[in-house]
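Visitor: Going left to right, the sequence shown walks through residues 7 to 302 as the numbering used here numbers them.
No residue lacks a Cβ here, since even glycine has one placed at the ideal position from N, Cα and C.
In this text, all values refer to a predicted model and were calculated from it rather than measured experimentally.
Have a look at this one before I ask anything.
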Amino acid sequence: MARSRNNGVPLTTASAPASLVTRLEGLGLSRNEALAYLTLLEADEEDGLTGYEVASRSSIPRSAVYTVLRKLQSAGAAFGYGEKPERFVANEPGKWLEQVRRSAEATIQEAARELHQLPKRPRPEPVWILRRYEEVMRRIDHMIRSAEQSVWISMWPRELERLRPALESVADRTLHRVIHSPAALSEPFPGFSCWTDNVSDDETKSTWSHKALVVIDRREALIGGTEPLADNHAVFTSNPSLVDVATNHIILDITMMARLQGENPEPVVSPMMRPHLLPSMLESGNLPAPTLHQAR
């Protein structure tokens, strides 16, 4: 029976923790290779073990033990010396694990380089359907808090008030922040350019279904209903075409509202437009310089 080099307590390979064998398998060893390595590591004999001794102290068949030991040598986990009989010694765990780590890092770097060189093919962007009201609101909250460049929102006051903590959390960031609402807000949102319908007092508004358009960093959008008791079928996506659809709807809503109220929306909407649409507007001389923090 082999004894542990660490504490002198008798320990057979069969008694090694199953989790340790699993870990070694995760590092690329087969089960038999892991058992052989542990057997060599546990051996008291300073001159190592023969293949026969490895087989007798583990569950590895004698007919397979030398094949297993050769693979251990190739993996750098053991080395052999002498002949008739050849003896095998385990590589120190620290040295072997460092070798495994370096080999894995080199493999990952090579794989990354070769994958980067593959031809780029268009892939479908996922579209997530959110039905429950709380699910929709949680997603919008997360989107706002994760913003790095811009937050563009068209939403009713009821939902905007629910999102006030998230909106206030980005008030001091260097973002382009725009809010459109089809009804008047009870309080403004600091740091946002707020465009609200303060003129039209349509009694039918109370019957309108609540919707939301949210665009973050021009990379993701949420489009859909925000009704507490309805199956909202809101769409969350990073598909560029759908993100553009949501953005253009917000631009259109702000532009139409501004015209009705005699306001100039261009300083706010120009940063929301695609760059290729701006040159002709700049040439006309009618486009004021964009601002990041215009509040109304």
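(1) Report buried or exposed for Leu-26, applying the criterion of at least 16 other Cβ atoms within 10 angstroms of its Cβ.
(2) Would you identify the three-state DSSP class for Arg-93, choosing helix, strand or coil?
(3) Closer than 8 Å, CB to CB, is Glu-89 near chain D or not?
(4) So, does the region 88–99 touch the region 128–148, judging by three or more C-beta pairs under 8 Å?
(5) For Leu-219, which residues does DSSP report across the bridge?
(6) Leaving out five residues before and five after Gly-82 in sequence, what residues of the same chain have Cβ atoms less than 7 Å from its Cβ?
(7) Which runs of the beta strand (DSSP E) spanning at least 3 residues fall entirely within the region 114–179, listed in chain order?
(8) Applying the 10 Å Cβ sphere with the 16-neighbour rule, what's the burial state of Gly-32?
(9) What's the C-alpha gap between Leu-169 and Asn-254?
(10) Please report how far the alpha carbon of Glu-52 lies from the alpha carbon of Thr-28, in whole angstroms.
(11) So, is Arg-183 buried or exposed, given that buried needs 16 or more other C-beta atoms within 10 angstroms?
(12) Leu-46 and Leu-55 - do their beta-carbons sit closer together than 8 Å?
(13) Tell me where the beta strand (DSSP E) around Ala-84 begins and ends.
(14) Do you know how far the Cα of Leu-136 is from the Cα of Ala-252?
(15) Have a look at Ser-212 and Ser-244 and give me their C-alpha separation to the nearest angstrom.
(16) State yes or no: is the C-beta of Thr-202 within less than 8 Å of the C-beta of Ala-190?
(17) Name the one or two DSSP bridge partners that Phe-242 has.
(18) Going by DSSP, which residues form a beta bridge with Ile-185?
(19) Taking all protein chains shown into account, do 16 or more other C-beta atoms lie within 10 angstroms of the C-beta of Ser-62, making it buried, or fewer, making it exposed?
(20) Kindly indicate which residue of Lys-77, Arg-151, Ala-49, Trp-214 has the alpha-carbon position closest to the one of Asn-38.
(21) Need the endpoints of the alpha helix (DSSP H) that Glu-59 sits in, please.
(22) By the three-class DSSP mapping on this structure, what secondary structure does Asn-270 have?
(23) Can you name the start and end residues of the alpha helix (DSSP H) that Arg-76 belongs to?
(24) Pull up the CB-CB distance for Val-220 and Met-278, whole angstroms please, since I reckon it's below 8 Å.
(25) Name the residue from Asp-237, Gln-115, Leu-248 whose alpha carbon lies nearest to the alpha carbon of Ile-229.
(26) Taking the alpha carbon of Val-71 as the reference point, which residue from Ala-42, Phe-85, Ser-215 has its own alpha carbon closest?
(27) Ignore the nearest five residues each way along the sequence and tell me which others in Pro-171's own chain have a CB closer than 7 Å to its CB.
(28) Thinking C-alpha only, which one of His-216, Leu-173, Thr-180, Gly-88 is nearest Gln-155?
(29) By Cβ distance, which residues of its chain are closer than 8 Å to Arg-280, with the 5 residues on each side in sequence left out?
(30) Which value, in whole angstroms, describes the spacing of the CA atoms of Leu-235 and Ser-215?
(31) If you compare alpha carbons, which of Arg-151, Pro-132, Arg-68, Asp-237 is closest to Ser-175?
(32) Quick check: the Cα distance between Ser-276 and Ile-260, rounded to an integer number of angstroms?
Guide: Straight from the coordinates:
(1) Position 20 of the sequence shown, counted from the start, is the residue given in the question as residue 26. Leu-26 comes out exposed.
(2) As a working mapping, residue 93 is identified with position 87 in the sequence shown. Strand, per DSSP.
(3) Absence of chain D from the displayed structure is noted, only one protein chain being present.
(4) Three or more Cβ pairs closer than 8 Å define a contact, and the region 88–99 falls short of that threshold against the region 128–148.
(5) Walking along the sequence shown from the start, residue 219 turns up at place 213. Listed as beta-bridge partners of Leu-219 by DSSP are Ser-160, Ile-229.
(6) For the purposes of this step, residue 82 is identified with residue 76 of the sequence shown, where counting begins at 1. For Gly-82, the CB contacts under 7 Å within the same chain, skipping 5 residues up- and downstream, are Asn-97, Trp-102, Gln-105 in chain order.
(7) Counting only runs that start and end inside the region 114–179, the beta strand (DSSP E) elements of at least 3 residues fall at 133–136, 156–161.
(8) Indexing the sequence shown from 1 puts residue 32 at position 26. With fewer than 16 other Cβ atoms inside 10 Å of its own Cβ, Gly-32 counts as exposed.
(9) As a working note, residue 169 is residue 163 in the sequence shown. As a working note, residue 254 is residue 248 in the sequence shown. The C-alpha of Asn-254 is placed about 22 Å away from the C-alpha of Leu-169.
(10) Counting from one through the sequence shown, the residue named residue 52 turns up at place 46. Counting from one through the sequence shown, the residue named residue 28 turns up at place 22. Roughly 27 Å separates the two Cα atoms.
(11) Mapped onto the sequence shown, residue 183 falls at position 177. Under this definition Arg-183 is a buried residue.
(12) Numbered from its first residue, the sequence shown carries residue 55 at position 49. Numbered from its first residue, the sequence shown carries residue 46 at position 40. The answer is yes: Cβ separation under 8 Å.
(13) Here residue 84 corresponds to residue number 78 of the sequence shown, with the count starting at 1. In this chain, the beta strand (DSSP E) harbouring Ala-84 covers 84–87.
(14) Taking the sequence shown and counting its residues from 1, the one referred to as residue 252 is at position 246. Taking the sequence shown and counting its residues from 1, the one referred to as residue 136 is at position 130. Between the alpha carbons of Ala-252 and Leu-136 lies a gap of roughly 16 Å.
(15) What you label residue 212 is simply residue 206 of the sequence shown in a count that begins at 1. What you label residue 244 is simply residue 238 of the sequence shown in a count that begins at 1. In a straight line, the C-alpha of Ser-212 is about 32 Å away from that of Ser-244.
(16) Taking the sequence shown and counting its residues from 1, one reaches residue 202 at position 196. Taking the sequence shown and counting its residues from 1, one reaches residue 190 at position 184. Ala-190 is positioned such that its CB atom lies closer than 8 Å to that of Thr-202.
(17) Position 236 of the sequence shown, counting from 1, holds the residue named residue 242. In the DSSP assignment, Phe-242 forms a beta bridge with Trp-134, Leu-228.
(18) Position 179 of the sequence shown holds residue 185. Answer is Ile-159, Cys-200, bridged to Ile-185.
(19) Looking up residue 62 in the sequence shown gives position 56. The Cβ neighbour count for Ser-62, taken over all protein chains shown within 10 Å, is under 16; the residue is labelled exposed.
(20) Position 32 of the sequence shown, counted from the start, is the residue given in the question as residue 38. If we check each option's Cα against that of Asn-38, Lys-77 comes out closest.
(21) Within the sequence shown, numbered from 1, the residue matching residue 59 stands at position 53. Element bounds for Glu-59: 57–62.
(22) To locate residue 270, count along the sequence shown from 1; it is residue 264. Secondary structure at Asn-270: coil, using DSSP grouped into helix, strand and coil.
(23) Here residue 76 corresponds to residue number 70 of the sequence shown, with the count starting at 1. Note, Arg-76: alpha helix (DSSP H), 68–80.
(24) Mapped onto the sequence shown, residue 220 falls at position 214. Mapped onto the sequence shown, residue 278 falls at position 272. Between Val-220 and Met-278, the beta carbon gap of about 13 Å keeps them out of contact (Cβ cut-off 8 Å).
(25) Numbered from 1 along the sequence shown, position 223 holds the residue referred to as residue 229. Ile-229 has its Cα closest to that of Leu-248, out of Asp-237, Gln-115, Leu-248.
(26) Here residue 71 corresponds to residue number 65 of the sequence shown, with the count starting at 1. Selected option, being the one with the closest Cα: Ala-42.
(27) Residue numbering aside, residue 171 sits at position 165 when the sequence shown is read from its first letter. Same-chain partners within the cutoff: there are none.
(28) Stepping through the sequence shown from its first residue, residue 155 is reached at position 149. By alpha-carbon distance to Gln-155, the top candidate from His-216, Leu-173, Thr-180, Gly-88 is Thr-180.
(29) For the purposes of this step, residue 280 is taken as residue 274 along the sequence shown, with counting starting at 1. Only Asp-250 meet the Cβ criterion.
(30) Here residue 235 corresponds to residue number 229 of the sequence shown, with the count starting at 1. Here residue 215 corresponds to residue number 209 of the sequence shown, with the count starting at 1. The alpha-carbon atoms of Leu-235 and Ser-215 are separated by roughly 11 Å.
(31) Reading the sequence shown from its first residue, position 169 is the one you call residue 175. Nearest Cα to Ser-175 within the set Arg-151, Pro-132, Arg-68, Asp-237: Arg-151.
(32) Start at 1 with the first residue of the sequence shown, and residue 276 comes out as number 270. Start at 1 with the first residue of the sequence shown, and residue 260 comes out as number 254. Their backbone Cα atoms lie some 12 Å apart in a straight line.
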